[in-house]
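Enquirer: Let me begin by handing over the structure; questions about it come next.
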Amino acid sequence: PPVSTAIIGAGIAGLACGQALRAAGLPVRLFDKGRGPGGRMSSRRLPGAVVDLGAQFFSVRDPAFRRRVTAWQDAGHVAPWPETLWQVSETGWQRHRDDVERFIGTPRMSAVTRRLAEGLEVATGTRIERLESRDGHWWLLDQHDERHGPFARVVIAVPTPQAATLLAGHEPALAEACEAVIQRPCWAAWARFDAPLPSLPGVGDDWQAVRLDLDQDRAPAADALRFVSRNDHKPGRHGQGESLSLLARLEWSEAHLERDAEAVARALLDAFRGRLPRGVALPEPTDLGAHLWRHAQPDVFAGGEAVNRDYRRSSSGLALCGDGWRGPRVEDAWLSGHHLGEALTADAP
Ligand code: FAD
């Protein structure tokens, strides 16, 4: 029979790997603990608005990824965004211009992973807690002690700290490699408004996304925030109510891990108020909340040798992919999964 592969994690890396195997006609099954695929590219539905809580946009640099993104764009699953990116520094609000191509899923970020999941068998709501090796095959055990298998190969496409847990007892060297990749936490908040947001002096209404630089002159609380986007200014979402996604700085998130989500959301919104041009006031939000990503983005500098290997494999049929092996972006996660899928395809009998 053809080599069967299990993929744990249906984020963009696991899905890209799954699609590469499927394209080669190899059987593959994916498992994800979430309600749907998507992982850190997921979006949240509020009454009257959809907000992106993970990745806000993704850049395109690699030619293979560019070809894939162009196909998604032609099919209407992604669009260029933001058209107006601003940067707030000590000197105020400035248009940020560079040559980087940036895209977003339409009508929400999760449209990309939804598209990638098409044609793949994905078991959602299934948290894999243990791996078992028997007679040269792998079995997966989920949270209900249900057994899935047998599989010739298992791809672990989850954030590296979680991958380390699954590998313990099977591949100590790989588990150690996982532990060397630090995934840093990030608080992501949303604020929904019934009233329109004010026009900003010198900026106007046309701001879609804002990067906030560190500001040495301000109180540290103002430095909680690193990025803000307007969800109703994203392609496919015009006409939904006004809402903001507010991402905390990673250092700030580390320092406020145990804080209550509501308090975090307030702090991030207040930090944004503090960076608005003088005299501008935001209306009170009608819905406010926050989500903590415990493993938001790999620290590429701390990872050192471990990172930039694309993916990892063992001779026992286990393999690892995901952003942790390449870099902190959607593009890195896709490339990691895609390259692993190609490598697995190449050595399947
Ligand atoms: P994930 O998306 O995390 O996928 C892993 C999947 O595994 C998840 O779906 C999870 O549910 C599942 N899983 C975990 N453990 C188990 C288990 N035991 N059993 C079953 N399933 C399991 N990138 C950019 O390019 N641009 C940005 O602007 C950007 N901003 C970001 C902002 C935030 C707040 C965050 C959190 C990330 C951001 N990123 C950004 C990074 C980008 O989102 C990630 O690099 C990328 O989505 C990672 O994909 P992945 O497939 O490697 O992992």
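Going by the working numbering, the sequence shown opens with residue -2, and the numbers climb by one from there. Where a beta carbon is used, it is the ideal one built from N, C-alpha and C, also for glycine.
On a CA-only basis, which of 22, 79 and 49 is nearest residue 288? Give me that one, please.
Expert: The option with the nearest alpha carbon to residue 288 is 49.
Enquirer: Out of curiosity, what's the CA-to-CA distance linking residue 90 and residue 137?
Expert: Cα-Cα distance, rounded: 51 angstroms.
Enquirer: Which of helix, strand or coil does DSSP assign to residue 55?
Expert: The answer is strand: DSSP assigns residue 55 an E or B state.
Enquirer: Just the C-alpha distance for residue 330 and residue 55, rounded to the nearest angstrom, thanks.
Expert: Their Cα atoms are separated by approximately 11 angstroms.
Enquirer: So, at 8 angstroms on beta carbons, what are the nonlocal neighbours of residue 53 in its own chain, with the 5 sequence-adjacent residues on each side left out?
Expert: If we look at residue 53 and ignore the five residues flanking it on each side, its Cβ neighbours are 101, 106, 206, 224, 226, 242 and 244.
Enquirer: For residue 220, is the classification buried or exposed, using 16 other Cβ atoms within 10 angstroms of its Cβ as the cut-off for buried?
Expert: Burial call: buried.
Enquirer: With DSSP as the reference, label residue 24 as helix, strand or coil.
Expert: The answer is coil: DSSP assigns residue 24 none of H, G, I, E or B.
Enquirer: Classify residue 303: buried if its beta carbon has 16 or more other beta carbons within 10 angstroms, exposed otherwise.
Expert: Because residue 303 sits at a pLDDT of 47, beneath the cut-off of 50, its placement in the model cannot be relied upon, and the point is left open.
Enquirer: Contact criterion: CB-CB distance below 9 angstroms. Does residue 146 meet it with respect to chain C?
Expert: Although the question refers to chain C, the structure presented lacks it and comprises just one protein chain.
Enquirer: At a cut of 8 angstroms, does the segment 149 to 165 reach the segment 242 to 261 through at least three beta carbon pairs?
Expert: At 8 angstroms Cβ cutoff, the stretches do not touch.
Enquirer: Check whether the Cβ of residue 80 lies closer than 8 angstroms to any heavy atom of the ligand FAD, and answer yes or no.
Expert: Residue 80: no, Cβ never under 8 angstroms from the ligand FAD.
Enquirer: Could you check which residue in 33, 234, 240 and 311 has the C-alpha nearest to that of residue 171?
Expert: Measuring from the Cα of residue 171, the nearest candidate turns out to be 311.
Enquirer: Decide yes or no for the touch test of the segment 156 to 170 against the segment 19 to 29: beta carbon pairs closer than 8 angstroms, at least 3 of them.
Expert: The segment 156 to 170, when compared against the segment 19 to 29, does not touch it at the 8 angstroms Cβ threshold.
Enquirer: Quick check: the Cα distance between residue 196 and residue 321, rounded to an integer number of angstroms?
Expert: Between residue 196 and residue 321, the C-alpha separation is close to 39 angstroms.
Enquirer: I need the DSSP call for residue 243, collapsed to helix, strand or coil.
Expert: Here residue 243 sits in strand by DSSP.
Enquirer: Just how far apart, CA to CA, sit residue 65 and residue 332?
Expert: Computed Cα separation, rounded: 11 angstroms.
Enquirer: Give every residue of the same chain whose Cβ lies closer than 7 angstroms to the Cβ of residue 17, excluding the five residues on either side of it in the sequence, and list them in chain order.
Expert: Cβ neighbours of residue 17 beyond the five flanking positions: 335, 338, 339 and 342.
Enquirer: Is residue 125 near the ligand FAD, in the sense that its beta carbon is under 8 angstroms from a heavy atom of that ligand?
Expert: Yes, the Cβ of residue 125 comes within 8 angstroms of a heavy atom of the ligand FAD.
Enquirer: To the nearest angstrom, how far is the alpha carbon of residue 135 from that of residue 266?
Expert: Approximately 47 angstroms between the Cα atoms of the pair.
Enquirer: Following the continuous beta strand (DSSP E) through residue 333, name the residue where it begins and the one where it ends.
Expert: Looking at the DSSP string, residue 333 is not in any beta strand (DSSP E); the run it does join, the alpha helix (DSSP H), is 327 to 343.
Enquirer: Take residue 251 and list the residues in its own chain whose beta-carbon comes closer than 8 angstroms to its own, dropping the five residues that flank it on each side.
Expert: 181 and 182.
Enquirer: Do the CB positions of residue 78 and residue 92 come within less than 9 angstroms of each other?
Expert: Not closer than 9 angstroms, so no.
Enquirer: List the endpoints of the continuous beta strand (DSSP E) containing residue 289.
Expert: Element bounds for residue 289: 284 to 295.
Enquirer: If contact is defined by three or more beta carbon pairs under 8 angstroms, each pair taking one atom from either stretch, is the segment 29 to 39 in contact with the segment 119 to 131?
Expert: They touch, by the three-pair rule.
Enquirer: Look at residue 187 and residue 262 and say whether their C-beta atoms are less than 9 angstroms apart.
Expert: Their beta carbons are under 9 angstroms apart, which means residue 187 touches residue 262 by this criterion.
Enquirer: Alpha carbon to alpha carbon, how far is residue 230 from residue 236?
Expert: Their Cα atoms are separated by approximately 9 angstroms.
Enquirer: Considering residue 150, what are the terminal residues of the beta strand (DSSP E) in which it resides?
Expert: Looking at the DSSP string, the run of the beta strand (DSSP E) that includes residue 150 is 150 to 153.
Enquirer: State the start and end residues of the unbroken alpha helix (DSSP H) segment that holds residue 67.
Expert: It spans 60 to 71 - the alpha helix (DSSP H) in which residue 67 sits, taken as one unbroken run.
Enquirer: Classify residue 196 as helix, strand or coil using the three-state DSSP reduction.
Expert: Looking at residue 196 - three-state DSSP - the assignment turns out to be coil, as it is neither helix nor strand.
Enquirer: Relative to the C-alpha of residue 313, which residue among 5, 114, 164 and 98 is closest?
Expert: Per the Cα distances, 164.
Enquirer: Please report the straight-line C-alpha distance between residue 270 and residue 257, rounded to a whole angstrom.
Expert: Taking the straight line from one Cα to the other gives about 20 angstroms.
Enquirer: Residue 145 and residue 315 look like a contact to me (Cβ under 8 angstroms); what is the Cβ gap, rounded to whole Å?
Expert: So it is not a contact: roughly 15 angstroms between Cβ atoms.
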